[in-house]
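Down below is the structure, laid out as structure tokens.
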Amino acid sequence: MKKQRRVGNRLFMALVFLFLYLPIFLLIIFSFNSGNSNAVWKGFSLHWYTELFRDRIVMESLYTTLLVSLLATVISTIAGTFAAIGFFNMRRRWRSPLMTVNSIPMMNADIVTGVSLCLLFVAFFSFWNSFDLPRLSMGFGTLLIAHVTFNIPYVILNVLPKLRQMDKNLVDAAMDLGCTWMRAFWKVILPEIKPGIVSGALIAFTMSVDDFVISYFTAGSSTQTLAMAIYGMTKKRITPEINAVSTLLFAVVLLLLVIVNVRDARAEKAAAKRHN
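When you line the sequence shown up against the working numbering, it's residues 1 to 276, in that order.
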């Protein structure tokens with residue numbers, strides 16, 4: 001009876017994974033199709049990848065996506081790390097409600113976040129442009145601000161557990177020996193929380209590369225990310241060029257997730273060895 005139940009559970013799990021990943025596998029396979037059909041295989045070819053890298057619109061949107069993602073990752077990692085240290089040193093009665101507020105951007109629907117940021121930017125720019133000042137409009141700057149906004153909570157939630165694992169006496173000892181707080185941060189705190197910072201940065205970069213909804217509402221008409229370019233391509237005749245773009249995006253996100261999981265596994269093993 002137990003054996004039959006185990007077989008049934010494994011079969012059900014296999015069907016779930018097949019349902020989730022079969023469309024992605026088909027997309028990847030047909031990105032190497034020499035023909036322009038998404039249903040009939042006509043032979044292996046890298047033709048659509050060549051066409052992809054010749055597409056000026058796609059290349060410009062890829063450059064914008066990478067630039068926004070890198071800048072947003074750096075800014076949100078720095079801000080999120082210091083915010084996590086601030087949360088850690090707060091009293092519990094203040095920390096608990098602020099941590100709840102910090103979780104709202106992650107739990108909130110992307111469309112709500114995107115629309116609210118869009119309305120905020122429109123209201124601010126309307127007020128700004130009513131004065132005799134250089135005109136402002138939505139574009140790269142607002143897109144970057146939006147990405148930083150939804151990335152900071154992920155960094156905070158990755159850094160805080162490392163701060164809790166750290167021995168508070170280390171910082172006190174360093175300051176008793178003559179270190180300033182900033183020097184104690186560089187020499188003591190930063191090495192202890194570095195795994196959390198790296199994990200938070202990788203997740204922030206992944207979220208920025210993958211985002212569409214918030215970018216769509218905050219980029220304006222002059223800026224376009226890769227996800228927005230793909231959406232625009234789907235409005236026309238769908239070609240395997242979209243498969244090639246999606247395959248590359250899937251590979252990048254998968255690689256980042258593997259790096260995050262490998263780092264976490266190594267950090268856990270190192271922690272277990274120290275305790276033993």
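Every residue, glycine too, gets a C-beta built ideally from N, C-alpha and C.
Cα-Cα separation between P23 and T247, rounded to whole angstroms: 12 Å
DSSP bridge partner residues for F44 (one or two, in chain order): N33
Chain-order list of residues whose beta-carbon lies under 6 Å from that of V7 (same chain, five-residue window excluded): none
Mark G86 as exposed unless 16 or more other C-beta atoms lie within 10 angstroms of its C-beta, in which case mark it buried. exposed
Collapsed DSSP secondary structure at Q165 in the structure displayed: helix
Three-way DSSP call (helix, strand, coil) for P134 in this model: Coil at P134, not helix or strand.
Under 8 Å by Cβ, that's how I've got S73 and F205 pegged, so tell me the actual separation to the nearest angstrom. Note that residue 73 is Thr in the sequence shown, not Ser. Confirmed, Cβ separation roughly 4 Å.
Measuring CB to CB, does V142 end up less than 9 Å from F121? For the record, residue 142 in the displayed sequence is Thr; it is not Val. A Cβ-Cβ contact shorter than 9 Å links T142 with F121.
Taking the Cβ atom as the reference point for each residue, do S61 and T225 lie within a distance shorter than 9 Å? yes
Contact set for V198: own chain, Cβ-Cβ below 8 Å, skip 5 residues either direction: R263
How long is the line joining the alpha carbons of L285 and N108, rounded to whole angstroms? Since the first residue shown for the chain is 1 and the last is 276, residue 285 is missing from the structure and cannot be characterised.
I need the DSSP call for R91, collapsed to helix, strand or coil. coil
Taking the straight line between their C-alpha atoms, what separation do you get for T77 and A244? A straight line joining the alpha-carbon of T77 with that of A244 spans about 31 Å.
Output needed for V252: all residues of its chain with C-beta closer than 8 Å, excluding positions within five of it in sequence on either side, in chain order. V209
Reference I214, options F25, C118, E192 and R10, closest by Cα: C118
Segment contact, 8 Å Cβ cut-off, at least three pairs: the region 158-168 with the region 185-202: Flag = yes, the region 158-168 and the region 185-202 touch.
Apart from the five residues just before and just after A79, which ones in its own chain have a Cβ nearer than 6 Å to its Cβ? I152
Leaving out the 5 sequence neighbours to the left and right, which residues in its chain are closer than 7 Å to A267 when beta-carbon positions are compared? P195
Under a three-way DSSP split, which group does D55 fall into? coil
Exposed or buried, what is P240 when buried is set at 16 or more other beta-carbons lying within 10 Å of its beta-carbon? buried
Buried or exposed: which applies to F19, given that a residue is buried once 16 or more other Cβ atoms fall within 10 Å of its Cβ? exposed
DSSP state of K194 mapped onto helix, strand, coil: When secondary structure is reduced to three states using DSSP, K194 falls in the helix class.
Report yes if the C-beta distance between S69 and F140 is below 9 Å; otherwise report no. No, these two residues do not count as a Cβ contact at 9 Å.
What separation, rounded to the nearest whole angstrom, lies between the Cα atoms of L257 and W41? 31 Å
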